[in-house]
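Have a look at the structure below before the remarks.
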Amino acid sequence: MGTETLAISSGRMFRYAFGSLLLLAGTALLVAHGLEWLNLEPRILRALQGGAICALGTALGAVPVLVIRRMPVALSDTLLGFGAGVMLAATAFSLIVPGIAAAETLGLSPWGASGLISFGIMLGAFGLYLVDRKVSGASPEMLVGTPDNPVIPPRIWLFVFAIIAHNIPEGMAVGVSAGGGMPDADSLAMGIALQDVPEGLVIALVLAGAGMSRVKAFLIGAASGLVEPVFAVLCAWLVSLAEVLLPLGLALAAGAMLLVVTHEVIPESRRNGHEKLASLGLCIGFCLMMVMDTALG
Numbered sequence: 003m004g005t006e007t008l009a010i011s012s013g014r015m016f017r018y019a020f021g022s023l024l025l026l027a028g029t030a031l032l033v034a035h036g037l038e039w040l041n042l043e044p045r046i047l048r049a050l051q052g053g054a055i056c057a058l059g060t061a062l063g064a065v066p067v068l069v070i071r072r073m074p075v076a077l078s079d080t081l082l083g084f085g086a087g088v089m090l091a092a093t094a095f096s097l098i099v100p101g102i103a104a105a106e107t108l109g110l111s112p113w114g115a116s117g118l119i120s121f122g123i124m125l126g127a128f129g130l131y132l133v134d135r136k137v138s139g140a141s142p143e144m145l146v147g148t149p150d151n152p153v154i155p156p157r158i159w160l161f162v163f164a165i166i167a168h169n170i171p172e173g174m175a176v177g178v179s180a181g182g183g184m185p186d187a188d189s190l191a192m193g194i195a196l197q198d199v200p201e202g203l204v205i206a207l208v209l210a211g212a213g214m215s216r217v218k219a220f221l222i223g224a225a226s227g228l229v230e231p232v233f234a235v236l237c238a239w240l241v242s243l244a245e246v247l248l249p250l251g252l253a254l255a256a257g258a259m260l261l262v263v264t265h266e267v268i269p270e271s272r273r274n275g276h277e278k279l280a281s282l283g284l285c286i287g288f289c290l291m292m293v294m295d296t297a298l299g
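The structure is reproduced here in structure tokens:
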């Protein structure tokens, strides 16, 4: 009877997963057609489309939690390393290099352009550092909701909120690139969507492993990427207001992403003793994003 019950439960979970994939695919098609009806300014529309692709990548990553409860730690660390590599390459080839070029087109010398981008990188990194400190210093009561029923430990919520906060600079990067009319904006969005897949999976698996129902964990994991289209549109609109904001916006996004990768993603990928696998994943992710930026962009 126990085996029979397990088989029924497994079949139900597979149906949930398949149904969720169909729902995501249908939603993506509906959103794609809906965006055409909005008749937005082309750069704003491009930013919204890029942010939506990133959000879809996060949602797709959360789907496997409906079938599996735990993922091998070695695979998780490899995927985190892969995401770090993608973000590092995106920072270099989609944000910093185009940012310097955009600054030079404004009439700045190479020294001046590099100085402006360096200032923006440090400002973006410091800004996200302050946000990260605020999230990490939040009281447990704020994160658990009801102190009498602490279903999910506060540290789990802190981890989830930290990943959601880290999606903000990714949305910024997509928005600034699209708003500035950068030629590699589409490849940047695809690269970020790729590294968002393991992020969505990690959030959903962590919540499910802490005792949350798989369906609820999937919904939270899928929704965690919705901040990206919001900030993509916001930053695209800001950049479209003044051309001088383009290089600074690219630098701010680059600094925020650099801090995310070096302060959170890389240390987390090496925490469980799988440094070689994490480093291999990082190299693969870096090369893949570099090819997407330079050869396909």
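Here my numbering is used: the first residue of the sequence shown is 3, the next is one more, and so on. Cβ coordinates follow ideal geometry from the N, Cα and C atoms, glycine included. Values in this document were obtained by computation on a predicted structure and should not be read as measured data.
DSSP, reduced to helix, strand and coil, places residue 189 within a helical segment of the structure shown. Here the alpha carbon of residue 252 sits roughly 38 Å from the alpha carbon of residue 214.
Taking 8 Å as the cut-off, the Cβ atoms of residue 233 and residue 170 count as close.
Only residues of its own chain outside the window of five on either side were considered, and among them 80, 83 have a CB closer than 8 Å to the CB of residue 282, listed in chain order.
A check of alpha carbon separations from residue 291 across 88, 226, 47 identifies 88 as the nearest.
8 Å or more divides the Cβ of residue 255 from the Cβ of residue 129. The beta-carbon distance between residue 63 and residue 200, rounded to whole angstroms, is 6 Å. This is short enough to meet the 8 Å contact definition. Shown here for residue 194: same chain residues with a beta carbon closer than 6 Å to its own, the five before and five after excluded, namely 56, 172 in chain order. For residue 267, there is no enclosing alpha helix (DSSP H), as DSSP gives it neither H nor E.
For residue 286, the enclosing alpha helix (DSSP H) starts and ends at 277-296. Considering only 100, 66, 268, 47, the residue with the shortest C-alpha distance to residue 216 is 66. Listed in chain order, the non-local C-beta contacts of residue 119 below 7 Å within the same chain comprise 98, 101, 102, 105, 249, 253, local neighbours out to five positions each way being set aside. In the displayed model, residue 74 falls within coil according to three-state DSSP, outside both helix and strand. Residue 89 carries a helical assignment under DSSP once its states are collapsed to helix, strand and coil. At the C-beta level, residue 48 and residue 180 come within 8 Å of one another. Taking residue 272 as reference, the option from 78, 287, 52 with the minimal CA-CA separation is 78.
Ranked by Cα distance from residue 185, the options 210, 69, 296 are led by 296. Distance from the CA atom of residue 126 to the CA atom of residue 285, rounded to whole angstroms, is 25 Å. Excluding sequence positions up to five before and after residue 90, its CB lies within less than 7 Å of the CB of 263, 288, all in the same chain and listed in chain order. Look at residue 183 here: in three-state DSSP terms it is coil, with no helix or strand label.
In its chain, beyond the 5 residues on either side, 52, 55, 56, 176 have a beta carbon closer than 7 Å to the beta carbon of residue 191. In the DSSP annotation of this structure, the continuous segment of the alpha helix (DSSP H) that includes residue 233 starts and ends at 229-243. Distance from residue 202 to residue 61 at the Cβ level is roughly 6 Å; contact confirmed, criterion being Cβ atoms closer than 8 Å. If you draw a straight line from the Cα of residue 222 to the Cα of residue 112, it is about 45 Å long. Of 240, 261, 115, 75, the smallest CA-CA separation from residue 124 is found for 261. Residues 189, 192, 193 of the same chain have their beta carbon placed closer than 7 Å to that of residue 294, with the five preceding and five following residues left out of the count. In the same chain as residue 280, and ignoring 5 residues on each side of it, the C-beta atoms closer than 6 Å to its own belong to 79, 83, 271, 272, in chain order. By the criterion of a C-beta distance shorter than 6 Å, residue 266 is surrounded by no residue of its chain, once the five residues flanking it on both sides are discounted.
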